[in-house]
Amino acid sequence: MRQRYFSGIQPTGELHIGNYLGAIKSWIELQDSFEGIFGIVDYHAITEPYKPEDMPKRVFDTALDYLAAGLDPNKSILLIQSFVPEHTEMAWLLSSVTPVSWVERVPTYKEKARQLKTQVNMGLLSYPVLMAADIVLYKSTIVPVGEDQLPHLELTREIVRSFNSKYRSKYGYKYGSKSGDIFPEPQAYLAGGSRIMSLTEPMKKMSKSLGAHNYIALADPPDVIRKKLAKAVTDIGPGGGEMSPGTKNLFQLMSLFSSKETCDHFKQLYDEGNIRYSDMKQKLADDIISDLGPIRDRRLALSLRPEYIRKVLIEGSNRAREIARQTLHEAKERMGLTYF
Ligand code: TYM
Numbered sequence: 272m273r274q275r276y277f278s279g280i281q282p283t284g285e286l287h288i289g290n291y292l293g294a295i296k297s298w299i300e301l302q303d304s305f306e307g308i309f310g311i312v313d314y315h316a317i318t319e320p321y322k323p324e325d326m327p328k329r330v331f332d333t334a335l336d337y338l339a340a341g342l343d344p345n346k347s348i349l350l351i352q353s354f355v356p357e358h359t360e361m362a363w364l365l366s367s368v369t370p371v372s373w374v375e376r377v378p379t380y381k382e383k384a385r386q387l388k389t390q391v392n393m394g395l396l397s398y399p400v401l402m403a404a405d406i407v408l409y410k411s412t413i414v415p416v417g418e419d420q421l422p423h424l425e426l427t428r429e430i431v432r433s434f435n436s437k438y439r440s441k442y443g444y445k446y447g448s449k450s451g452d453i454f455p456e457p458q459a460y461l462a463g464g465s466r467i468m469s470l471t472e473p474m475k476k477m478s479k480s481l482g483a484h485n486y487i488a489l490a491d492p493p494d495v496i497r498k499k500l501a502k503a504v505t506d507i508g509p510g511g512g513e514m515s516p517g518t519k520n521l522f523q524l525m526s527l528f529s530s531k532e533t534c535d536h537f538k539q540l541y542d543e544g545n546i547r548y549s550d551m552k553q554k555l556a557d558d559i560i561s562d563l564g565p566i567r568d569r570r571l572a573l574s575l576r577p578e579y580i581r582k583v584l585i586e587g588s589n590r591a592r593e594i595a596r597q598t599l600h601e602a603k604e605r606m607g608l609t610y611f
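Going by my numbering, the residue at position 61 of the sequence shown is 332; the numbering climbs one at a time, nothing skipped.
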């Protein structure tokens, strides 16, 4: 039996190559060796201001990107988080073993709290507890994510330890775990592209919140990819010292999208001080366009089949519910919450 794991993405509408290289690519590579359960985590997305009328399209577009990138519903489960209410129920159980001080020290929470001040809601504070629930419901042993999610993963591991030690099974082997622990401690699985930086502000990670010029979307047409890369920050030219963050980012992208020969060629030009960034960007654009081309074509074809997308999501969510319901029952049993 393939081991299971959950990973997910917030439905922001347009997935970018950071999401692709940091998460989705690993999901696809692992599809045959693990049973992946991939969530469109809409309950996470509502913790920040959003327009309700936009949410259905955001969810639909995320599903399109998942399938177009290569997730196969015959091998993996695709779900909408709010269709599987066991996620929020499990989050409540986990919140009872999570000290508030643990969630208050999560870097993304601290940053959001600084930005939003009095508008910080309970959802933002308990965000990582819901994420832990997503992960433990499927007894995930690994979680492929980008580097920015590591603090959340570490917290999940702490929550797992807390739950396991508080509610260790008296029966030991009953759930297939020697120690009587109900949940495995999940390990982060980092891909080669686990931290892709913004094209325009390369000290920050590529993110939708920095605006369309800082990222390349999976659905961007070739001319848009060329334009965005042409504007990517590099440095003013060869000079001694350390490689600038923008240039480093371009070389990283090149290592992920281009051949070794291409990378070596431009690295040599860089080392000799003869690099022309416009040439490098053009070649990188060619390689990104040819890599993303099939995804874009599939996306276009799938967008004409909304009924199929709906079916995949509903069937996936139902399948996930069967697994989730069982784990939730085990957790409740440990907690003395099964009465009849
Ligand atoms: P989200 O929606 O911000 O991002 C989805 C995935 O993309 C990765 N990622 C990146 N990787 C490399 N470079 C970047 N610039 C970059 N930007 C984003 C993220 O690390 C992530 O893997 N809290 C999560 C969603 C979530 C989840 C889960 C993930 C909810 N429950 C359970 C795993 C397991 C989030 O907001 O990801």
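Ideal placement from N, C-alpha and C gives every residue a C-beta, glycine not left out. Just so you know, these numbers come straight off a predicted model, no measurement behind them.
query, result
"Measure the C-alpha to C-alpha separation of Phe606 and Gly463 and round it to an integer number of angstroms.", "Before going further, note that residue 606 is Met rather than Phe in the sequence given. So the two alpha carbons sit approximately 40 Å from each other."
"Is the distance from the Cβ of Glu418 to the Cβ of Arg466 below 8 Å?", "yes"
"Indicate the three-state DSSP secondary structure (helix, strand or coil) for Leu349 in the structure shown.", "strand"
"So does Asp419 have its beta carbon nearer than 7 Å to some heavy atom of ligand 1?", "yes"
"Rounded to a whole number of angstroms, what is the C-alpha to C-alpha distance between Gly310 and Ala503?", "31 Å"
"Hey, is Gln281 close to ligand 1, as in C-beta under 7 Å from one of its heavy atoms?", "yes"
"Can you list, in chain order, the residues of its chain whose CB lies under 6 Å from that of Ala384, leaving out five sequence neighbours each side?", "Val391"
"Apply the 10 Å Cβ neighbour rule to Thr359 and answer buried if 16 or more other Cβ atoms are within range, or exposed otherwise.", "exposed"
"Which residue comes first and which comes last in the beta strand (DSSP E) that contains Ala488?", "Per DSSP, Ala488 belongs to no beta strand (DSSP E) and is neither H nor E."
"Checking the sheet assignment: what are the DSSP bridge partners for Ser278?", "Phe309"
"Hey, how far is the Cα of Glu256 from the Cα of Ile453?", "Any answer about residue 256 is impossible in this case: the structure gives the chain only from 272 up to 611."
"Just to confirm my understanding: we take Gln274, look at its own chain, exclude 5 residues before and 5 after, and list those with CB closer than 6 Å. What are they?", "Phe305 and Thr412"
"Can you give me the C-alpha to C-alpha distance between Ser480 and Leu426, rounded to a whole angstrom?", "24 Å"
"Quick one: what's Gln390 bridged to in DSSP?", "Answer by DSSP bridge pairing: none, since Gln390 is not bridged."
"In the structure shown, what three-state DSSP assignment does Val416 receive?", "coil"
"In chain order, what residues of the same chain lie with their CB nearer than 7 Å to the CB of Ile406, ignoring the 5 residues before and after it?", "Phe277, Val414, Thr427 and Pro457"
"Can you tell me where the alpha helix (DSSP H) holding Tyr337 begins and where it ends?", "Met326 to Ala340"
"Check each candidate in Pro422, Gly517 and Thr389 and name the one with the smallest Cα separation from Trp373.", "Pro422"
"What residues are listed by DSSP as bridge partners for Tyr460?", "Pro415"
"Decide if Asn485 is buried, meaning its Cβ has at least 16 other Cβ atoms within 10 Å, or exposed.", "buried"
"In this structure, does DSSP put Tyr444 in helix, strand or coil?", "Low confidence applies here, because Tyr444 scores a pLDDT of 47, under 50, leaving its location unreliable; read the following figure in that light. If DSSP states are grouped into helix, strand and coil, Tyr444 belongs with the helices."
"Counting only the same chain and skipping the five closest in sequence on each side, list residues whose C-beta sits under 6 Å from that of Ser561.", "none"
"What I want to know is whether the C-beta of Ser278 ends up closer than 7 Å to one or more non-hydrogen atoms of ligand 1.", "yes"
"Could you pull out every residue in the same chain whose Cβ sits closer than 7 Å to the Cβ of Val355, ignoring the five residues on either side in sequence?", "Ser588, Ala591, Arg592 and Ala595"
"Can you find a heavy atom of ligand 1 that lies under 7 Å from the Cβ of Ala459?", "no"
"Comparing alpha-carbon positions, which option in Asp506, Gln386 and Tyr380 lies nearest Met393?", "Tyr380"
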